[in-house]
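Same order as they appear, the protein sequences are chains A and B.
With the numbering used here, the residue at position 198 of the first sequence is 1577, and numbering never jumps.
With the numbering used here, the residue at position 156 of the second sequence is 159, and numbering never jumps.
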Amino acid sequence: MNVTIVDYQSGNISSVINSFTEVAKGKVNIEVTSDIKKIKSSDKIVLPGQGSFKSCVDSLNQIKGLVDTLKEFAITNKKPLLGICVGLQMFADIGYEEAETKGLGWISGKVSKINNQKGKFKLPHIGWNEIEIQKESKIFKDVKNKSHMYFVHSYEFIPEDKSVISSITNYSSKIVCSVEKDNLFGTQFHPEKSDKIGLKVIDNFLKL
Amino acid sequence: MLKNRIIPCLDVKNGRVVKGINFVELKDAGDPVEQAKIYSDGGADEICFLDITASNENRETIIEIVRKTAKECFVPLTVGGGVRTIQNITDLLLAGADKVSINTAAVKNVDFIKEASKKFGSQCIVVAIDAKKVSDNKWEVFTHGGRNKTGIDAIKFAKQVEKNGAGEILLTSMDKDGTKSGYDIDLLKEITNSTNIPVIASGGVGTLDHLYDGIVKGGASAVLAASIFHYGEYKIKDAKEYLNSKNVSVRL
């Protein structure tokens, strides 16, 4: 099996590469690339994302044909894709970080700043928080409810259709921390930085 | 609920740990990679390397250590010491660091933080502030391990780095560092109250109660300690169980 981590200059993806490589050891071939041909021929895609919503969308658009290729892969061909952090957020129609920016529009919804109750809660939301599982998700196999995951973000994805939400976490409000819609998976937390339980989520995705 | 983080810090000089852990299970007491792994297996919420290598020629050494550690530790890794340029940050992040901590370069030019956070995102930019008390409720920023006075007010500076896009502040009291008498709680309170980004408390931890004070009295989001963990007095687990017993939420 070939799994591609999309390298589109979205900031630091070393940790994503390290953790997927660790879990995939000897079983799955991990490719890190922005090469359209390689992406097309892979079995699964990981879409990381760091920095702002706008900078990530801009970077995706910089690579000719990438957005269309990803869409064909995930929407038309319905092959498994995992978005991490801003990688998940970009599934939305629109994001409001830096400037109003159009997202990929794969799951209807918006990405807006976490309401921190006028400064009562610190932003970014950095650190370990418990996930409350909302529905069965293939990437949460053998992951207990209330497991700790590592977060670092100031914006949150608010999907229109709440049935896509697979887990939430409690901060200044209930924040969506993962979604599953058919073959589309996304985590707001960083499985690659969430210790053994995070590696388990990655393992579940690789085993799909 | 967001958990309070416990961050062990390893001082690294020329590729070796200074003030290393004295755990019996260690094969090589000076190997930073092995020590980081013990901490991460022991439940550390994050690992911090502070490179205290004096010369620039040895920058490669810390990068190699980061590269090896990042392949074995799957919790966030912060690296500080000698981070002065965008290239320094790029090198560390590519090697596998998740965050870099910037000290002198931020004091010299606060716009460097703006540039760095714009390029890499606030999530990986930690500004390390070394502060020393100069009069009642007044602290000043120092550089070079507390030797150089800058004349900059610590509270004003903290607000400014937040404005410039820092994701976190690593706050060290130079009065308390190395004393084992606890964090400077007044300083912590001032900084946590006047900023809206997470503050990591550092400098002065001698007992588990000090960690409690840093979080509960000082308002820190995370507590950093070096020597209480290095010498095996306490394990990370002890610290977490203690805090948990006093109703401070931690990741167990």
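Yeah, the Cβ is synthetic: ideal placement off N, Cα and C, and Gly gets one too.
Nothing here was measured: the structure is a model prediction, and the numbers come from that model.
Opposing strand residues paired with residue 1557 of chain A [DSSP bridges]: Counting from one through the first sequence, the residue named residue 1557 of chain A turns up at place 178. Answer is A:1546, A:1566.
Would you kindly report the start and end of the unbroken beta strand (DSSP E) that includes residue 19 of chain B? By 1-based counting over the second sequence, the position of residue 19 of chain B is 16. First-last of the beta strand (DSSP E) with residue 19 of chain B: 19 to 21.
Kindly list, in the order they appear in chain A, the residues whose Cβ is closer than 7 Å to that of residue 35 of chain B. Here residue 35 of chain B refers to the residue found at position 32 of the second sequence. Within 7 Å Cβ-Cβ: nothing; residue 35 of chain B doesn't reach chain A, min ~17 Å.
What is the DSSP secondary structure of residue 188 of chain B, reduced to helix, strand or coil? The residue you call residue 188 of chain B lines up with position 185 of the second sequence. Residue 188 of chain B falls in the helix class under three-state DSSP.
Using only the alpha-carbon positions, how far apart do residue 1578 of chain A and residue 1544 of chain A sit? Here residue 1578 of chain A corresponds to residue number 199 of the first sequence, with the count starting at 1. Here residue 1544 of chain A corresponds to residue number 165 of the first sequence, with the count starting at 1. Whole-angstrom Cα-Cα distance: 21 Å.
Do residue 1486 of chain A and residue 1558 of chain A have their CB atoms nearer than 8 Å? By 1-based counting over the first sequence, the position of residue 1486 of chain A is 107. By 1-based counting over the first sequence, the position of residue 1558 of chain A is 179. Yes, the pair counts as a contact, with Cβ atoms nearer than the cut-off.
Counting beta carbon pairs with one atom in the segment 1392 to 1401 of chain A and one in the segment 1535 to 1542 of chain A, are three or more of them shorter than 8 Å? no
Bridge partner(s) assigned by DSSP for residue 1461 of chain A: Position 82 of the first sequence, counted from the first residue, corresponds to residue 1461 of chain A. DSSP lists A:1425, A:1564 as partners of residue 1461 of chain A.
Contact under 8 Å by Cβ, residue 116 of chain B with residue 39 of chain B: Translated into the one-based positions of the second sequence, residue 116 of chain B becomes position 113. Translated into the one-based positions of the second sequence, residue 39 of chain B becomes position 36. No, the pair does not count as a contact, with Cβ atoms beyond the cut-off.
Alpha carbon to alpha carbon, how far is residue 13 of chain B from residue 127 of chain B? Give it in angstroms, no decimals. As a working mapping, residue 127 of chain B is identified with position 124 in the second sequence. As a working mapping, residue 13 of chain B is identified with position 10 in the second sequence. Between residue 127 of chain B and residue 13 of chain B, the C-alpha separation is close to 19 Å.
List, in order along the chain, the chain A residues whose C-beta lies closer than 9 Å to that of residue 98 of chain B? For the purposes of this step, residue 98 of chain B is taken as the residue at position 95 of the second sequence. Those are 1393, listed as they occur along chain A.
Alpha helix (DSSP H) containing residue 35 of chain B: first to last residue? Indexing the second sequence from 1 puts residue 35 of chain B at position 32. Looking at the DSSP string, the run of the alpha helix (DSSP H) that includes residue 35 of chain B is 35 to 44.
Pull up the distance between the alpha-carbon of residue 1 of chain B and that of residue 1436 of chain A, whole angstroms please. Absent from the model: residue 1 of chain B. The displayed extent of chain B is 4 to 255, so no value can be given.
Quick one: is residue 1508 of chain A buried, meaning 16 or more other Cβ sit within 10 Å of its Cβ, or exposed? Counting from one through the first sequence, the residue named residue 1508 of chain A turns up at place 129. That one is buried.
Bridge partners of residue 257 of chain B, per DSSP? Beyond the ends of chain B as shown, which are 4 and 255, falls residue 257 of chain B; an answer cannot be given.
Distance CB(residue 142 of chain B)-CB(residue 131 of chain B) smaller than 8 Å: Sequence index remark: in the second sequence, residue 142 of chain B carries index 139 (1-based). Sequence index remark: in the second sequence, residue 131 of chain B carries index 128 (1-based). Not in contact: residue 142 of chain B and residue 131 of chain B (Cβ atoms no closer than 8 Å).
Give the range of the beta strand (DSSP E) segment to which residue 104 of chain B is assigned. Numbered from its first residue, the second sequence carries residue 104 of chain B at position 101. Taken as a continuous stretch (DSSP letters only), the beta strand (DSSP E) holding residue 104 of chain B covers 102 to 105.
Which of helix, strand or coil does DSSP assign to residue 131 of chain B? Position 128 of the second sequence holds residue 131 of chain B. If DSSP states are grouped into helix, strand and coil, residue 131 of chain B belongs with the strands.
Count the C-beta pairs between the segment 1518 to 1535 of chain A and the segment 211 to 226 of chain B that are closer than 8 Å, then say yes if the count reaches three, no if not. no
Given that residue 200 of chain B touches chain A, what residues does it touch there, using C-beta distances under 8 Å? As a first step, residue 200 of chain B is located in the second sequence; it is residue number 197 there, counting from the start. Within chain A, the residues near residue 200 of chain B are 1501, 1502, 1503.
Based on the DSSP secondary-structure assignment, which residues constitute the bridge partners of residue 1538 of chain A? Within the first sequence, residue 1538 of chain A is the residue found at index 159, counting from 1. Paired residues: A:1488.
Partner residues on chain B for residue 1549 of chain A, Cβ-Cβ distance less than 8 Å: Counting from 1 along the first sequence, the entry for residue 1549 of chain A is found at position 170. The contacting residues are 4.
Pull up the distance between the alpha-carbon of residue 1453 of chain A and that of residue 93 of chain B, whole angstroms please. Here residue 1453 of chain A refers to the residue found at position 74 when the first sequence is read from its first residue. Here residue 93 of chain B refers to the residue found at position 90 when the second sequence is read from its first residue. Their backbone Cα atoms lie some 31 Å apart in a straight line.
Express the C-alpha separation of residue 1427 of chain A and residue 96 of chain B in angstroms, rounding to a whole number. Walking along the second sequence from the start, residue 96 of chain B turns up at place 93. Walking along the first sequence from the start, residue 1427 of chain A turns up at place 48. Those two C-alpha atoms are separated by around 15 Å.
Near residue 167 of chain B, which residues of its chain fall below 8 Å by C-beta distance, leaving aside the five closest residues on each side in sequence? Working through the second sequence from its first residue, we reach residue 167 of chain B at position 164. 113, 114, 116, 117, 120, listed in sequence order.
What distance in whole Å lies between the Cβ atoms of residue 1416 of chain A and residue 1600 of chain A, which are believed to be in contact at a cut-off of 8 Å? As shown, chain A starts at 1380 and ends at 1587. That puts residue 1600 of chain A outside it, with no answer to give.
Identify whether residue 1467 of chain A lies in helix, strand or coil by the three-state DSSP scheme. Translated into positions along the first sequence, residue 1467 of chain A becomes position 88. Reduced to three states, the DSSP call for residue 1467 of chain A is helix.
Would you decide whether residue 1405 of chain A is buried or exposed? Buried here means 16 or more other CB atoms lie within 10 Å of its CB. On the first sequence, position 26 is the one that residue 1405 of chain A refers to. Exposed, by the Cβ-count rule.
Nonlocal neighbours in the same chain, by C-beta distance under 7 Å from residue 151 of chain B, ignoring five residues either side: Looking up residue 151 of chain B in the second sequence gives position 148. The answer, listed in chain order, is 145.
For a contact meaning CB atoms closer than 7 Å, what does residue 1577 of chain A contact in chain B? Locating residue 1577 of chain A in the first sequence gives position 198, where the first residue counts as 1. What residue 1577 of chain A touches in chain B: 77.
Taking C-beta to C-beta, are residue 239 of chain B and residue 9 of chain B nearer than 8 Å? For the purposes of this step, residue 239 of chain B is identified with residue 236 of the second sequence, where counting begins at 1. For the purposes of this step, residue 9 of chain B is identified with residue 6 of the second sequence, where counting begins at 1. Their beta carbons are under 8 Å apart, which means residue 239 of chain B touches residue 9 of chain B by this criterion.
Count the other CB atoms within 10 Å of the CB of residue 1479 of chain A; is the residue buried (16 or more) or exposed (fewer)? Here residue 1479 of chain A is taken as the residue at index 100 of the first sequence, counted from 1. When all chains shown are included, residue 1479 of chain A counts as exposed.
Which value, in whole angstroms, describes the spacing of the CA atoms of residue 76 of chain B and residue 43 of chain B? By one-based count along the second sequence, residue 76 of chain B stands at place 73. By one-based count along the second sequence, residue 43 of chain B stands at place 40. The alpha-carbon atoms of residue 76 of chain B and residue 43 of chain B are separated by roughly 6 Å.
Please tell me whether residue 54 of chain B has its Cβ less than 8 Å away from any Cβ of chain A. As a first step, residue 54 of chain B is located in the second sequence; it is residue number 51 there, counting from the start. Chain A contact via Cβ: absent.
Look at the Cβ atom of residue 104 of chain B, then the Cβ atom of residue 158 of chain B, and state whether they are nearer than 8 Å. Taking the first residue of the second sequence as position 1, residue 104 of chain B is located at position 101. Taking the first residue of the second sequence as position 1, residue 158 of chain B is located at position 155. Contact: no.
Have a look at residue 172 of chain B and residue 226 of chain B and give me their C-alpha separation to the nearest angstrom. The residue labelled residue 172 of chain B in the question sits at position 169 within the second sequence. The residue labelled residue 226 of chain B in the question sits at position 223 within the second sequence. Near 11 Å, if we compare the C-alpha coordinates of residue 226 of chain B and residue 172 of chain B.
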